[in-house]
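Numbering-wise, the sequence shown is residues 416 to 665 according to this note's numbering. Just so it is clear, CB atoms sit at the ideal spot from N, CA and C, and this is done for glycine as well. As the structure is a computational prediction, the values presented were derived from the model and not from experiment. Below is one structure; the comments refer to it alone.
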Amino acid sequence: GVFGKGIVSTPNNFGRRGMPPTHPKLLDWLAQELINNEGSIKGILKLMFSSATYMQDSRPKQENMVADPGNQYLWRMSPRRMTAEQIRDSLLKVSGLINFEAKGKPAEIDNYQYVPGSSFFKKIMSSKVRTIYLPVIRDRVNPDIEIFDFANPGTSNGFRGTTTIPLQALFFLNNPEVARWAQSAADQASQTDNPIEYLFEEIIGRSANEDERKLLTAALSDENHGPSKQAKLKEIALSLFAANEFIYRF
């Protein structure tokens, strides 16, 4: 949803057993707006995206945290982790490998090869197209996206939960495709005048602070210890991939 959850927090149950709306008058007003705009979902979304509520930052306020710790009444923008599809697509984007064209086969797999297995999932993950175009097998979801709470394709899902497990951190550190994406980002960074600044700007959307800049510049300048400069840039990219600033929207 636009705000992470709807006015009614049980989208699979709008009946008596579901939760009541948190803002019933707002819900009625939005319903009337939808009618007035001839059922235009685009118009309602534009209205929400341009609202002062949507434009709030996520910084907490002590008095509000006490009164409404779950942000039920939307006094701030709740930090949200990206979905499994968004995480994979963002990794492809910052590595410069993403293919935005929606045509042809999503992966080099023939019809008879659509059987779950390690080689199948490796080919799927190595594809450069957006995740929405990748095939989904009902009885066995790709484990590389399942760990980020990808919805079960065999059941109805009103909303997705958000879990935090060790496998998510290991995915960024050990997955061979993530390593390939990090290498691609490092290769692009090495062609710039300031590779550290490039990686920070591209991956987490901000400049490195003074402490980060000093630490990483010293590490890159020390050619007598540790791996090569290119390998160090790859490690920096991997670290930024795993940072909350990358996978969360604040």
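Short Cβ contact (8 Å threshold) for residue i with residue j
{"i": "D504", "j": "T546", "result": "yes"}
{"i": "D559", "j": "F536", "result": "yes"}
{"i": "L614", "j": "A652", "result": "yes"}
{"i": "A594", "j": "E612", "result": "no"}
{"i": "I502", "j": "I662", "result": "yes"}
{"i": "P436", "j": "F665", "result": "no"}
{"i": "E638", "j": "K644", "result": "yes"}
{"i": "A597", "j": "F656", "result": "yes"}
{"i": "V423", "j": "L460", "result": "no"}
{"i": "R496", "j": "S473", "result": "no"}
{"i": "S571", "j": "N428", "result": "no"}
{"i": "S541", "j": "L549", "result": "no"}
{"i": "L489", "j": "T468", "result": "yes"}
{"i": "I425", "j": "G419", "result": "Reading off the sequence, residue 425 comes out as Thr, not Ile. No. Outside cutoff."}
Nearest to residue i (by Cα), restricted to the options the options
{"i": "S466", "options": "K508, T425 and L441", "result": "L441"}
{"i": "P591", "options": "R621, K538 and R628", "result": "K538"}
{"i": "K508", "options": "G421, N557 and E616", "result": "E616"}
{"i": "R553", "options": "A566, S643 and G416", "result": "A566"}
{"i": "S510", "options": "S643, V544, G576 and S473", "result": "V544"}
{"i": "P475", "options": "Y469, T468 and N486", "result": "N486"}
{"i": "A604", "options": "L635, E625 and T578", "result": "L635"}
{"i": "E660", "options": "Q471, T579, E625 and G620", "result": "G620"}
{"i": "G569", "options": "V551, T577, D608 and L582", "result": "V551"}
Nearest-angstrom Cβ-Cβ length linking residue i and residue j, presumed shorter than 8 Å
{"i": "K647", "j": "G641", "result": "7 Å"}
{"i": "L512", "j": "S599", "result": "6 Å"}
{"i": "A499", "j": "D443", "result": "With 8 Å as the limit, A499 and D443 do not qualify as a contact, their Cβ atoms being about 34 Å apart."}
Burial state of residue i (16 or more Cβ within 10 Å)
{"i": "I618", "result": "buried"}
{"i": "A446", "result": "exposed"}
{"i": "F587", "result": "buried"}
{"i": "P439", "result": "exposed"}
{"i": "N743", "result": "Any question about residue 743 goes unanswered here, given that the chain covers just 416 to 665."}
{"i": "P394", "result": "Only positions 416 to 665 of the chain appear in the structure, and residue 394 is not among them; the question remains open."}
{"i": "L399", "result": "In the structure as shown, the chain begins at 416 and stops at 665. Residue 399 is therefore absent and cannot be evaluated."}
request  = Jot down the residue ranges of each uninterrupted alpha helix (DSSP H) in the segment 438-493, minimum 4 residues, whole runs only, in chain order.
outcome  = 439-451, 456-464 and 477-482
Unbroken stretches of the alpha helix (DSSP H), 4 residues or longer, contained in the segment 604-662 = 610-619, 625-636, 644-656 and 659-662
inquiry  = To test your reading of the DSSP string, which unbroken alpha helix (DSSP H) runs of 4 or more residues are found completely within the segment 528-603?
reply    = 533-541, 558-561 and 581-589
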